[in-house]
Amino acid sequence: MPVPQAGLACLHRFVNKLWRLSQESEGKCINAVQWLEMITFDVLREMAFGEGFECVEKDKAILLYKLHPWIDLIFKHLFEVTLADNRPRRLDAEMPRKDFFTHIANKVLAGEVEQEEMTAHASTLVLAGGETTATCLTAAMYHLLKTPATLEKLTTEILARYKSYGEIDAASVMQLLYLQAVVNEALRIHPPGSQVFRRVSPGCHIDSYWVPKGVCH
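Residue numbers (our numbering): -8 to 208.
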């Protein structure tokens, strides 16, 4: 499935914004974690309901809910109200955009899925998917910058496959083996879900591969 143009445009704005910030930083640090959270929330909401939070454009991150536990509850409630308000537009049969949320919208229109279930899926997608995706991207960025040889190999693979943003789609991305390895390694080293029970290898063979003692998997 092709990546929606709206999502690509959002990513393009993010790259340009981060590049400008790096040029203006004068050697000072940039909070990449915050910016990655902003772009993931923007893209996911853009893909779900046709408009983002405009975090990147307005330089405003959705981070207030991290200050106090009760703010998290209020934020989630207000967000679900917003999803319910946007639901009719997303179910518009005349809507031309096609993305991964189109399928569930079609199920709702066919009467196979309740509208409330659609809202619940959208809430999970944006709220749960946004922060966990940002965590994975942060880990990947850190380790890629820490190991230039890996970054160069990944860059070479991507540039050899694509000449422009418009060529990128989910099917072809899955065929980029080194990119998949980078993402999986980032997920292994820094699991986004803190409740995941990680195992430490005692030093053993797994599927004919030697896993050294102390490696988490």
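Heads up, the beta-carbon is just placed ideally off N, CA and C, and yes, glycines get one too.
Predicted model only: the values in this text are computed from it and were never measured.
Assigned secondary structure, residue i (DSSP; H/G/I helix, E/B strand, else coil)
| i | result |
| --- | --- |
| residue 181 | coil |
| residue 20 | coil |
| residue 73 | Residue placement at residue 73 cannot be trusted, given a pLDDT of 49 that sits under 50; what the coordinates show is reported in the next sentence. Residue 73 falls in the helix class under three-state DSSP. |
| residue 30 | helix |
| residue 159 | coil |
| residue 200 | strand |
| residue 99 | helix |
| residue 104 | coil |
| residue 206 | coil |
For residue j and residue i, believed in contact at Cβ under 8 Å, the rounded distance
| i | j | result |
| --- | --- | --- |
| residue 129 | residue 9 | Their Cβ separation, rounded to whole angstroms, is 13 Å, which puts residue 129 and residue 9 out of contact at 8 Å. |
Buried or exposed by the 16-neighbour rule on C-beta atoms within 10 Å, applied to residue i
| i | result |
| --- | --- |
| residue 34 | buried |
| residue 191 | exposed |
| residue 127 | buried |
| residue 177 | buried |
| residue 173 | buried |
| residue 131 | buried |
6 Å CB neighbourhood of residue i in its chain, flanking five on each side removed
| i | result |
| --- | --- |
| residue 125 | 27, 28 and 31 |
| residue 123 | 183 |
Residue i versus residue j: straight-line alpha-carbon distance, rounded
| i | j | result |
| --- | --- | --- |
| residue 19 | residue 146 | 25 Å |
| residue 205 | residue 162 | 35 Å |
| residue 169 | residue 156 | 19 Å |
| residue 24 | residue 134 | 14 Å |
| residue 167 | residue 150 | 11 Å |
| residue 195 | residue 153 | 39 Å |
| residue 22 | residue 180 | 21 Å |
| residue 200 | residue 13 | 41 Å |
| residue 159 | residue 182 | 26 Å |
| residue 141 | residue 175 | 14 Å |
| residue 5 | residue 148 | 22 Å |
| residue 136 | residue 144 | 12 Å |
| residue 100 | residue 108 | 13 Å |
| residue 3 | residue 11 | 12 Å |
| residue 7 | residue 171 | 25 Å |
| residue 105 | residue 16 | 49 Å |
| residue 103 | residue 184 | 31 Å |
| residue 98 | residue 198 | 41 Å |
Residue-level contact to chain B via CB, residue i, 7 Å cutoff
| i | result |
| --- | --- |
| residue 26 | No chain B appears in the structure shown, which is made up of a single protein chain. |
Close-in-space but distant-in-sequence residues of the same chain around residue i (CB under 7 Å, 5 per side omitted)
| i | result |
| --- | --- |
| residue 193 | 204 |
Sequence-distant residues of the same chain with beta carbon closer than 8 Å to residue i, five excluded per side
| i | result |
| --- | --- |
| residue 165 | 171 |
| residue 202 | 192, 194, 195, 196 and 208 |
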